[in-house]
Amino acid sequence: MDIAINVFVGLHIIGIAALLGGFLNQMKAMGEGTARFTPGMLHGALTMLVTGVALVGLNQADDQTVNNVKIGVKLAVLVVILGLVYVKRDEEKVEKGAFGAVGLLTLANIFIAVLWT
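Written as C-alpha cells, this is what we have:
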C-alpha cells in the first residue's frame, strides 16, 4: 500500500507543478494583459483532483488518519481553481484578476498542504 500511496503523492506533485508552472510561465503575459490558461494548467488541476481523491481513499484503506476538514478546504480551493480554468480555457485573454486568483489559490493550496498539520 505504501508504494501506491507514494506513486500517487508523486503524481499529485506533478499536477501541482503543471498548474503552478503554467501560471508562472504566463506571469509576464499577465502583466501585459495577454495571459491565458494553458491546457497544461487544466490537466494539472485535474491530475491534482484525481490523485487527491485517490490519496484520501488509499490512506483511509490503510487505516491512517485523514484530516477531513483539511481535505475539504483543499478540495474547495481546487474546485474554484478548476472552475476558473475550465470556464476560461478557450479565451485568448484572461482578466488579470481571474488569472491572479488561480495563482494565489494554487499557492494557498500548497501552503495548506504543507503547513496545516
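Here the numbering used here is used: the first residue of the sequence shown is 133, the next is one more, and so on.
The C-beta atom is built at its ideal place from N, Cα and C for all residues, glycine as well.
Note that the structure is predicted; figures quoted are calculated from it, not measured.
Could you tell me the distance, in whole angstroms, from the CA atom of residue i to the CA atom of residue j?
{"i": "ASP134", "j": "GLN192", "result": "12 Å"}
{"i": "LEU181", "j": "ASN200", "result": "15 Å"}
{"i": "GLN158", "j": "ARG168", "result": "7 Å"}
{"i": "ASN138", "j": "GLY232", "result": "31 Å"}
{"i": "GLY215", "j": "VAL234", "result": "10 Å"}
{"i": "ASP194", "j": "ILE244", "result": "23 Å"}
{"i": "ILE213", "j": "LEU190", "result": "24 Å"}
{"i": "VAL141", "j": "LYS225", "result": "33 Å"}
{"i": "LEU207", "j": "THR170", "result": "21 Å"}
{"i": "GLY101", "j": "THR197", "result": "The chain is shown from 133 up to 249; residue 101 falls before or after that span and cannot be answered."}
{"i": "MET173", "j": "LEU152", "result": "8 Å"}
{"i": "GLU227", "j": "VAL211", "result": "19 Å"}
{"i": "ILE203", "j": "LEU187", "result": "10 Å"}
{"i": "ARG221", "j": "THR238", "result": "17 Å"}
{"i": "GLY229", "j": "MET162", "result": "9 Å"}
Per DSSP, what kind of secondary structure is residue i in: helix, strand or coil?
{"i": "ALA161", "result": "helix"}
{"i": "GLN192", "result": "helix"}
{"i": "VAL198", "result": "coil"}
{"i": "VAL226", "result": "coil"}
{"i": "LYS220", "result": "coil"}
{"i": "PHE169", "result": "coil"}
{"i": "MET133", "result": "coil"}
{"i": "THR249", "result": "coil"}
With distance defined between alpha-carbon atoms, name the residue in the options nearest to residue i.
{"i": "HIS175", "options": "LEU237, LYS202, VAL188, ILE146", "result": "ILE146"}
{"i": "ALA136", "options": "ILE242, ALA240, LEU247, THR183", "result": "THR183"}
{"i": "VAL205", "options": "LEU178, GLU223, TYR218, ILE242", "result": "ILE242"}
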